[in-house]
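Participant: Our numbering runs 732 ahead of the 1-based position in the sequence shown. No residue lacks a Cβ here, since even glycine has one placed at the ideal position from N, Cα and C. First the structure, then my questions, so here it is.
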Amino acid sequence: MPDVHILGIESSCDETGAAVVRSGQRVLSNIVASQIATHQPYGGVVPELASREHLRAIVPVVRQALADAGKTYQSVDAIAVTQGPGLAGALLVGISYAKALAFALEKPLIAVNHLEGHIHAVLLEQRRNENADLHFPVLALVVSGGHTHLYLAQVQENLWTYRNIGHTRDDAAGEAFDKVAKLLGLGYPGGPIIDRLAPFGDPHAVKFQIAQIKHRDRRDHKLGDRTFGDHALGNHAQHRAEEDGPQFDFSYSGIKTAVLRYVETEQLKPAIEARRQALAGISTPTHEDIRGLSDRQLLNLVASFQRSMVDDLVVKTLAAARAYDVRTLFVSGGVAANRELRATFEREAGMEGLPVFFPSRALSTDNAAMIAAAAFPKFLRGEFVAMDFCAEAGMALR
Ligand code: KG4
Ligand code: ZN
């Protein structure tokens, strides 16, 4: 079969991405324009600003991706774009541009679910390494700023299907990292900062309890019983009620409140404010700058927080892996870049003889290579979309 070159476009949140991937496994280019500097002063993504930044970045980012890959608009075989989930206005920028390109160039257009993209970031690298170890069923933990979701993944004749067997009831894991970092005056996004600080603290210094949610199964699930997470994902509740088997849900809003309580009882606010101001005075603070402004108590707090998050993610995921008797584990999404999470998964899954795969750290966070990779099996199946397809902010993965 001749090589297939897909131009992927990603704009679901705060990164404008374009990439060219050959036959779902070779990344020829992968450009990501980050908006961190834009959203930094607000400590989180501001949707309207995100859309404007995507508008500014989309054309140069796509041009650069083609140039780096040595391709032209004409020489790609298809255009793939993130349809959802994500911020509606941000998604629309990538989708409108992808539609315009596909129309003008008369190329097929492929719509990709962002979460499927995260899963295919792992597959891309495994295919490239010709990994023969990939046994099904696969359990994929997608853990990012917007999601903490467990999927069972299957493939048959290039048709990938997914079944959600757990998700966060409130905050996503990455959101908890971001909110705790903001609360502690450490900057944005919090995940990479906490990742770097945690090794300098004592992970046993502060005890955090993470909510243990009783595993539900089909019998005790009522359709009227919608959680915030279900709501955010549209008709997820109904989808889940149609399925058998236990559910492995997460909850991370409690630990954020526990950190806040600790800050109040230990009267850390003046030190936090001083750190926030000191960091605001540095144009681009490095991890060393942040560490220099962190005292022992803060380092211990951060290490304990990360340790609790990691333990909870690993314990729940491995419990789900056992319950569904899976043969392979994938961990992807922004939080999968976390060093302690990787090391703990490798150790604990290894002890159970379960192979665990992550994307490289660069492909863990949002990028368009994963979108182009997820589009490849759809290309082989001729699964193209018409020009009138829409962004789906709350798109579920099936
Ligand atoms: O996948 P991603 O780039 O965007 C979403 O789809 O949400 O994930 C971004 C999230 C942010 O919450 C960020 O703080 C978190 O991933 N993150 C990390 C690390 N790198 C990024 N969390 C923990 N440790 C990291 N090294
Ligand atoms: Zn993502």
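(1) Do you know offhand how far LYS839's Cα is from GLU747's?
(2) Could you tell me how far apart the beta carbons of SER761 and ALA769 are, in whole angstroms, since I believe they sit closer than 8 Å?
(3) Name the residue from GLY923, ARG993, ALA1052 whose alpha carbon lies nearest to the alpha carbon of PHE940.
(4) Among all the DSSP beta bridges, which residues are the ones paired with GLN888?
(5) Could you tell me which of ALA1104, ALA1123, PRO734, VAL1046 sits nearest to LEU871, measuring between CA atoms?
(6) Tell me LEU916's beta-bridge partners as DSSP assigns them.
(7) Quick check on the DSSP output: what are the complete alpha helix (DSSP H) runs of length 4 or more inside the region 1028 to 1064, in order along the chain?
(8) According to DSSP, is VAL736 part of a helix, a strand, or is it coil?
(9) According to the Cβ coordinates, are ALA830 and LEU841 closer than 8 Å?
(10) Using CA coordinates, which residue listed in GLY919, ALA930, GLN806, LEU1129 is at the minimum distance from HIS1029?
(11) Which first and last residues belong to the beta strand (DSSP E) in which GLY818 is found?
(12) Can you list, in chain order, the residues of its chain whose CB lies under 6 Å from that of ILE1103, leaving out five sequence neighbours each side?
(13) Am I right that LEU873 and LEU882 are in contact with their C-beta atoms under 8 Å? What's the rounded C-beta distance?
(14) Give me the Cα-Cα distance between PRO1017 and ALA782, rounded to the nearest whole angstrom.
(15) Among the candidates LYS914, ARG860, LEU856, TYR894, whose CA atom is the shortest distance from the CA of HIS771?
(16) Counting only the same chain and skipping the five closest in sequence on each side, list residues whose C-beta sits under 6 Å from that of LEU833.
(17) Got a sec? Which residues, its chain only, sit under 6 Å from GLY775 by beta carbon, not counting five neighbours each side?
(18) Quick check on the contact list: which residues have their beta carbon closer than 5 Å to a heavy atom of the ligand ZN?
(19) Is it right to say ARG1130 is buried, meaning 16 or more other beta carbons lie within 10 angstroms of its own, or is it exposed?
(20) Exposed or buried, which one is PRO880 when buried takes at least 16 other CB atoms within 10 Å?
(21) Within 10 angstroms of its Cβ, does ASN967 collect 16 or more other Cβ (buried), or is it exposed?
(22) Leaving out five residues on either side along the sequence, give the residues of the same chain with a beta carbon under 8 Å from the beta carbon of GLY1143.
(23) Hey, how far is the Cα of GLY961 from the Cα of ALA1068?
(24) Can you list, in chain order, the residues of its chain with a C-beta nearer than 7 Å to that of LYS1110? Leave out the 5 residues immediately preceding and following it.
(25) Hey, which unbroken runs of the beta strand (DSSP E) at 3 residues or more fall wholly within the region 748 to 796?
Facilitator: On the basis of the coordinates in this document:
(1) Straight-line Cα distance between these residues: approximately 25 Å.
(2) Contact annotation, SER761 with ALA769: C-beta distance approximately 23 Å; criterion of less than 8 Å not satisfied.
(3) Selected option, being the one with the closest Cα: ARG993.
(4) GLN888 is bridged by DSSP to LEU891.
(5) If we check each option's Cα against that of LEU871, VAL1046 comes out closest.
(6) Answer is none; LEU916 lacks a bridge partner.
(7) Taking 4 residues as the shortest admissible run, the region 1028 to 1064 contains the following complete alpha helix (DSSP H) segments, listed from N- to C-terminal end: 1028 to 1055.
(8) Assigned with DSSP and collapsed to three states, VAL736 falls in coil, not helix or strand.
(9) Yes, the pair counts as a contact, with Cβ atoms nearer than the cut-off.
(10) What sits at residue 1029 in the sequence shown is Gln, not His. Looking at the Cα atoms, ALA930 is the closest of the given residues.
(11) No residue range can be given for GLY818, since it is assigned to no beta strand (DSSP E) and is classified by DSSP as neither H nor E.
(12) If we look at ILE1103 and ignore the five residues flanking it on each side, its Cβ neighbours are GLY740, GLU742, ALA812, THR814, VAL844, GLY849.
(13) With a Cβ gap of about 6 Å, LEU873 and LEU882 count as contacting.
(14) Whole-angstrom Cα-Cα distance: 22 Å.
(15) In terms of CA proximity to HIS771, LYS914 leads the group LYS914, ARG860, LEU856, TYR894.
(16) Closer than 6 Å at Cβ, skipping near neighbours: ILE811.
(17) So the qualifying residues of the chain are LYS914, TYR920.
(18) Ordered along the chain, the selected set is SER876, ASP1098.
(19) ARG1130 should be labelled exposed.
(20) Looking at the sequence provided, one finds Thr at residue 880 rather than Pro. Buried, by the Cβ-count rule.
(21) Here the model assigns ASN967 a pLDDT of 40, short of 50, so the residue's position is not dependable, and the following value carries that caveat. Sixteen is the threshold: since fewer than 16 other Cβ atoms of the shown chains lie within 10 Å of the Cβ of ASN967, the residue is exposed.
(22) Residue 1143 lies beyond the range of the chain shown here (733 to 1130); nothing can be said about it.
(23) Residue confidence is low: GLY961 scores 34 on pLDDT, short of 50, so the model does not pin down where it sits. Its coordinate-derived value is still stated next. C-alpha separation (whole angstroms): 21 Å.
(24) These residues qualify, in order along the chain: ILE842.
(25) If you keep only unbroken beta strand (DSSP E) runs of at least 3 residues inside the region 748 to 796, you get 758 to 766.
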